[in-house]
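Colleague: Please find one structure pasted underneath; my questions will follow.
Numbering (this note's numbering), first residue to last: 1017 to 1272.
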């Protein structure tokens, strides 16, 4: 008998959830400042510049420091805000369907462990996932300031292992390398059936690791979709079947 390892890998922001969890928490400061007309908070320039000089994860650590030191934002404030994020019914149905049909579900995301785990728990989906690859986070004991450990710093001893061959992934995490490593450690030489679902530029690299028999779901009208439309040379590198999707129902239809 030939065994098959079935894996469905998901991005998190703008994929499992329909928002960016990192910017969603700006609502805390917008509410404090009575500025409901905006969707994002305007942080000091030195914080925003960290995205260019370092990366987004370092920028987020500066954001959490700012929120905690200037506005005394604590653990319960952040958790309460995260619990407002609802995962759509079509996405819930998709995840439950895949899990019930023997797919191993994993997340590969540049968000952080607390955000992802809290949102999944609140929506009753945490136990569906066998592994979450993301930046580890914790609240400091005394200040309750949220701290995030960049993914690549955690794996510093194996930095070549997670180095992106495309230079399209963020400097903090190469999702294609993470996917490949996961398969090496978990598939046990079995035949593989892979599904990858994402929306952003750094979801391109995982698509290169898929075979002709695999499914690559690219969220329509998002940056990955636009990249593949504009860069035909990059799109040609994808061997798998490529499908655009708007919500979980579009993906689920491909399995029925």
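For each residue, glycine too, the CB sits at the ideal point set by N, CA and C.
Given the structure is predicted, the values throughout are model-derived calculations rather than measurements.
1. At what residue ranges does the stretch 1160–1230 contain a whole run of the beta strand (DSSP E), taking only runs of 3 or more?
2. So what does residue 1020 bridge to, in DSSP terms?
3. Hey, how far is the Cα of residue 1259 from the Cα of residue 1183?
4. Please classify residue 1235: does DSSP put it in a helix, a strand, or coil?
5. DSSP on residue 1154, reduced to helix/strand/coil?
6. Leaving out five residues on either side along the sequence, give the residues of the same chain with a beta carbon under 7 Å from the beta carbon of residue 1231.
7. In chain order, which alpha helix (DSSP H) runs of at least 4 residues are fully inside the stretch 1107–1149?
8. On the three-state DSSP scale, how would you describe residue 1040?
9. Can you tell me whether DSSP reads residue 1028 as helix, strand or coil?
10. Quick check on the DSSP output: the beta strand (DSSP E) that includes residue 1269 runs from which residue to which?
11. Nearest CA to the CA of residue 1162: which residue from 1116, 1128, 1139 and 1113?
12. Since residue 1079 is in the alpha helix (DSSP H), which residue starts that stretch and which ends it?
13. Would you say residue 1225 and residue 1196 are within 8 Å of each other, going by their C-beta atoms?
14. Please say whether residue 1191 and residue 1166 have beta carbons closer to each other than 8 Å?
15. Between the beta-carbon of residue 1094 and the beta-carbon of residue 1123, is there less than 8 Å?
16. For residue 1076, collect the residues of the same chain with a Cβ closer than 8 Å to its Cβ; drop the 5 residues on either side in sequence, then sort them by chain order.
17. I believe residue 1217 touches residue 1250 by the beta-carbon criterion, under 8 Å. Please report the beta-carbon distance rounded to the nearest angstrom.
18. What residue does the alpha helix (DSSP H) around residue 1068 start on, and which one ends it?
19. With burial defined as no fewer than 16 other Cβ atoms inside 10 Å of the residue's Cβ, what is the status of residue 1235: buried or exposed?
20. Is it right to say residue 1248 is buried, meaning 16 or more other beta carbons lie within 10 angstroms of its own, or is it exposed?
21. Quick check: what's the CA-CA separation for residue 1205 versus residue 1138?
22. Taking the alpha-carbon positions, what's the residue 1086 to residue 1069 distance?
23. To which residues of the same chain is residue 1272 closer than 6 Å at the C-beta, ignoring the five residues directly before and after it?
24. Three-state secondary structure (DSSP) at residue 1246?
25. Helix, strand or coil for residue 1054, going by three-state DSSP, please let me know.
26. Could you check if residue 1102 belongs to the surroundings of the ligand SAH, using beta carbon to heavy atom distance under 7 Å?
Modeller: Judging by the given coordinates:
1. 1162–1165 and 1207–1214
2. 1207
3. 24 Å
4. strand
5. strand
6. 1211, 1256, 1257, 1259 and 1270
7. 1129–1138
8. helix
9. coil
10. First-last for residue 1269: undefined, no H or E at that position.
11. 1128
12. 1072–1087
13. yes
14. no
15. no
16. 1038, 1128 and 1164
17. With 8 Å as the limit, residue 1217 and residue 1250 do not qualify as a contact, their Cβ atoms being about 10 Å apart.
18. 1066–1069
19. buried
20. exposed
21. 36 Å
22. 23 Å
23. none
24. helix
25. coil
26. The ligand SAH is absent from the structure shown, which contains no ligand whatsoever.
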